[in-house]
């Protein structure tokens, strides 16, 4: 349950204010939220599945100490990047009305390639060697995040300052990075 929860919270917080969440939020304001959410979650499942497979490969390729060290450095780098990132740097979204589920899938899939959430799933799988727990935790975090974006996002996010969200997420990534680095030296 521990790996599941780490993946859940890491992905949940990493996705808040991310471009894929903004895709879901923006499209849901113009198209049926259920169709948008279906496309977004299908894309996220595909990309997270690929990330977990790659992370499992890396876990089997390198000693655990190396993967923990790499994961720790990754989490620290993302946390520091998020801390210093300027507000409003994510991309804007546009879509046409036909086949919104497939359009959402394509937009989210492409936006997520190489994104911090995908890299988080790779790092967590490599660090823990528990691909199913990471996949399920990451997808649970994605589900909560994108459901909120699809149905309540505009009201929820408008009440929280973007700076607070960014700093909270940054802090969590830095804490995870420190924990992984300390664990790699045991």
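In the numbering used here, the protein residues as written are 9 to 194. Built from N, CA and C at the ideal position, the CB exists for glycine as well.
Item	Value
Would you list, in sequence order, the uninterrupted alpha helix (DSSP H) runs of no fewer than 4 residues that lie entirely inside the region 27-56?	27-36
Using the beta-carbon count (16 or more within 10 Å), is residue 115 buried or exposed?	buried
Does residue 9 come out as helix, strand or coil in the three-state DSSP assignment?	coil
So the alpha helix (DSSP H) residue 107 belongs to, where does it begin and stop?	No alpha helix (DSSP H) holds residue 107; DSSP gives it neither H nor E.
Would you report the Cα separation of residue 83 and residue 37, rounded to the nearest angstrom?	32 Å
Have a look at residue 178 and residue 18 and give me their C-alpha separation to the nearest angstrom.	10 Å
Short of 8 Å in beta carbon distance, which residues of its chain neighbour residue 182, apart from the five on each side in sequence? Order them along the chain.	83, 84, 87, 88 and 91
Are at least three pairs of beta-carbons, each pair with one atom in the region 53-61 and one in the region 182-193, less than 8 Å apart?	no
What residues in its chain sit with their C-beta under 6 Å from that of residue 131, if we drop five residues either side in the sequence?	79 and 82
Run through the region 108-159 for me and flag every whole alpha helix (DSSP H) of 4 or more residues, listed as ranges in chain order.	108-120, 124-136 and 139-155
Have a look at residue 111 and residue 46 and give me their C-alpha separation to the nearest angstrom.	11 Å
In whole angstroms, what is the alpha-carbon distance linking residue 13 and residue 169?	25 Å
Taking C-alpha atoms, which residue in 137, 171, 139 and 149 lies nearest to residue 48?	149
On the CB-based measure, 16 or more other CB atoms within 10 Å of its CB, does residue 122 come out buried or exposed?	exposed
Answer with buried or exposed for residue 69, where buried requires no fewer than 16 other C-beta atoms within 10 angstroms of its C-beta.	exposed
Take residue 136 and list the residues in its own chain whose beta-carbon comes closer than 6 Å to its own, dropping the five residues that flank it on each side.	11
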